[in-house]
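Numbering (our numbering), first residue to last: 57 to 187.
Glycine included, C-beta positions come from ideal geometry on N, C-alpha and C.
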Amino acid sequence: MISRIEKLWADFHNWPESWKGLPEDVPYGEGLIEIYKPFIKELLPRYNYNTVNRHLNNLWLLGGELIRAINMDPEDREKTPMELLLDNIDQTGGPYCRHLDSEEQMRAYEATCRKLYKFLMARKPSERGYR
Numbered sequence: 057m058i059s060r061i062e063k064l065w066a067d068f069h070n071w072p073e074s075w076k077g078l079p080e081d082v083p084y085g086e087g088l089i090e091i092y093k094p095f096i097k098e099l100l101p102r103y104n105y106n107t108v109n110r111h112l113n114n115l116w117l118l119g120g121e122l123i124r125a126i127n128m129d130p131e132d133r134e135k136t137p138m139e140l141l142l143d144n145i146d147q148t149g150g151p152y153c154r155h156l157d158s159e160e161q162m163r164a165y166e167a168t169c170r171k172l173y174k175f176l177m178a179r180k181p182s183e184r185g186y187r
């Protein structure tokens, strides 16, 4: 029987397809997945299922907002996934997410963005994942 964590991890690889507005969004989304992987691998042994699930849900929302950004602004599509990500997250949080209904959801999303940013900044540029 597959564990709940393994199921979360399996679903993770379907995200680029779920984000796409255009066919060319899928490879861009796959680039975001490559950046997210080391971060998620670090979360898995450190947090319980509910916490990991919350962070994964927020990363999915972040990815959707980033794919939306490349479709709204052609200049953003010229950036690498890492450049776009680092242009949109920092120590204060991430981009506005139009899918959040409450202040509590917004705080959780912002916390995930901050945690991802801190994780990426703690690594050498060559270790940050997809360029």
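Given a threshold of 16 other Cβ atoms within 10 Å of its Cβ, counted over all protein chains shown, does Lys63 qualify as buried or as exposed?
Taking the sequence shown and counting its residues from 1, one reaches residue 63 at position 7. With fewer than 16 Cβ atoms within 10 Å of its Cβ, Lys63 is classed as exposed.
If we call anything under 8 Å between Cβ atoms a contact, is Gly87 one with Trp71?
As a working note, residue 87 is residue 31 in the sequence shown. As a working note, residue 71 is residue 15 in the sequence shown. Cβ distance not < 8 Å, so Gly87 and Trp71 don't count as in contact.
Can you tell which of Phe95, Asn113, Leu176 and Ala66 has the C-alpha that lies nearest to the C-alpha of Met162?
Here residue 162 corresponds to residue number 106 of the sequence shown, with the count starting at 1. Minimum Cα distance to Met162 is reached at Asn113.
By the three-class DSSP mapping on this structure, what secondary structure does Asp157 have?
By 1-based counting over the sequence shown, the position of residue 157 is 101. It is coil, neither helix nor strand.
Would you mind listing the alpha helix (DSSP H) stretches within the region 123 to 151 that are 4+ residues and don't spill past its ends, in chain order?
130 to 133 and 137 to 144
Residues of its chain near Leu140, where Cβ-Cβ distance is below 8 Å and the 5 sequence neighbours each way are ignored
Taking the first residue of the sequence shown as position 1, residue 140 is located at position 84. Around Leu140: Leu122, Ala125, Ile126 and Asp132.
Where does Met57 sit, in a helix, a strand or coil, going by DSSP?
Taking the sequence shown and counting its residues from 1, the one referred to as residue 57 is at position 1. Below a pLDDT of 50, predicted positions are generally treated as unreliable, and Met57, at 44, falls in that range; no measurement from the model is reported.
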